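Chemist:
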Amino acid sequence: MVVALKKIRNVEAKKQSGQQTVPLGNRASMIRSPEDFSNGESDLSNCVGIPHFIFREVSALLQLKGQQGVVDLVDILEIDKNKKVMLAFRFEKGGDLGQLIQSHVSKMKVGGIRGARLGLPLTMATHFAKQLLIGLQNIHNNGWMHRDLKPGNIMISEAVKMKEVVASELNLRAGSGCDIETKINHKEAIEKVQLKIGDFGLSKAMEFPLQPMTKEIMTIYYRAPEVFLDNLTYSACIDLWSAGTIIFEMLTGKIMFRAHTEIGMIFEIFRLKGSPVRPAPSQKVKFDELFDPASQIVESDSQFAAGMPILSDFD
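So in full-length UniProt numbering, spot 245 of the sequence shown is number 245, and the numbers just go up one at a time.
1. If you draw a straight line from the alpha carbon of GLU226 to that of ALA243, how long is it in whole angstroms?
2. Do ILE76 and ILE139 have their C-beta atoms closer together than 8 angstroms?
3. One question on the structure: do GLY69 and ILE156 come within less than 8 angstroms of each other, judged by their Cβ atoms?
4. Measure the C-alpha to C-alpha separation of GLU158 and MET124 and round it to an integer number of angstroms.
5. Between which two residues does the beta strand (DSSP E) carrying ILE255 extend?
6. Which stretch, first to last residue, makes up the alpha helix (DSSP H) that contains LEU149?
7. Alpha carbons only, please: which of LEU61, VAL58, LEU136, HIS52 is nearest the one belonging to CYS237?
8. Whose C-beta lies closer than 7 angstroms to the C-beta of GLY143 among residues of the same chain, with five residues either side of it excluded?
9. Starting from LEU195 and walking both ways along the beta strand (DSSP E), at which residues does that stretch end?
10. Assign GLN99 to buried or exposed, taking buried as 16 or more other Cβ atoms, counted over all protein chains shown, within 10 Å of its Cβ.
11. From the DSSP secondary-structure annotation, give me the bridge partner or partners of ILE156.
12. With 16 as the cutoff for other CB atoms within 10 Å, does ARG258 come out buried or exposed?
13. Please name the residue or residues paired with TRP144 in a DSSP beta bridge.
14. Relative to the C-alpha of LYS65, which candidate in GLU268, PHE200, LEU240 has its C-alpha closest?
15. Tell whether a beta-carbon distance below 8 angstroms holds between LEU229 and PRO151.
16. Going straight from the alpha carbon of ILE190 to that of ALA88, what length do you get?
17. The alpha helix (DSSP H) with GLN67 in it runs from where to where?
18. Using beta carbons (cut-off 8 angstroms, strictly below), is ALA189 in contact with chain B?
19. Using DSSP with H/G/I as helix, E/B as strand and the rest coil, what is VAL71?
20. Would SER203 be called buried (16 or more neighbouring beta carbons within 10 Å of its own) or exposed?
21. Mind checking GLU57: buried by the 16 CB within 10 Å criterion, or exposed?
22. In whole angstroms, what is the alpha-carbon distance linking GLY264 and VAL71?
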């Protein structure tokens, strides 16, 4: 088995719930188990060799070792000789991005700083967005699709004191204490925090020409529309869609598309983006032909209006 996804803050993985004590020599941050998989492949008792989903994750992590924006695999440890394996990762002090966003939003709703945004501070959200895209670029350039990007799978290298960051940004925005040294200190405090993409349990090597793949990927909030529409020859672009929804969540503190079912998610996406103008989602068409013009975004939701000049640069 592969040990459960947890954060271990000591040098050894303690014996809990049947887990065995394993000296790591490094602080481990993420460990995974078959219980993390919901596709029926978690029972390893009758497996011969390493199951393909574990082999795929290990292959991706080894190939991406040392890449910026990707979690650091410390070691692959054999617990015993009966298919029990531990993947040990370097400990990331800041937890994951999902925890940071949820904690920040909760505190802002209860008793936030006056004038502060509900989402992450703009300087931090911009830096995190850049880090996320760099990590994703490195994954794609090495021939892999992640297929499960979400805030909970993105680790943060350093603990973040959000109250101090928010107060500092508000002071800079108001011009209070806005000397060069203050600006530099604020920027350096944010830029020392790095994002690292983790959890490669659903990752897959890219194939050309594109081959049909499973649609049972990604948490539905971050799943690309072509997957909902059963276009199973999807490409690495599905990761870009997920990244876009994560960036939106960092900026606003809200999940961009939220529904409890797949059909509900489709309606939410179509409400904002418009319905596809062609019946066959598998046809390769330009994005602006597949959906209604971007101007509809402004009509349906005024919060996007300020970003339209930036979006127009990508036409």
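We put the CB at the ideal spot given by N, CA and C, even for glycine.
A quick note: this is a predicted structure, and the numbers were derived from the prediction, not measured.
Modeler: Taking the geometry as given:
1. 15 angstroms
2. no
3. no
4. 13 angstroms
5. That residue, ILE255, is in no beta strand (DSSP E); it is neither H nor E in DSSP.
6. Where LEU149 is concerned, there is no enclosing alpha helix (DSSP H), given that its DSSP letter is neither H nor E.
7. LEU136
8. ALA205, MET206
9. 195-197
10. exposed
11. LEU195
12. exposed
13. ALA205
14. PHE200
15. no
16. 27 angstroms
17. Where GLN67 is concerned, there is no enclosing alpha helix (DSSP H), given that its DSSP letter is neither H nor E.
18. This model lacks chain B altogether; it includes just one protein chain.
19. coil
20. buried
21. buried
22. 33 angstroms
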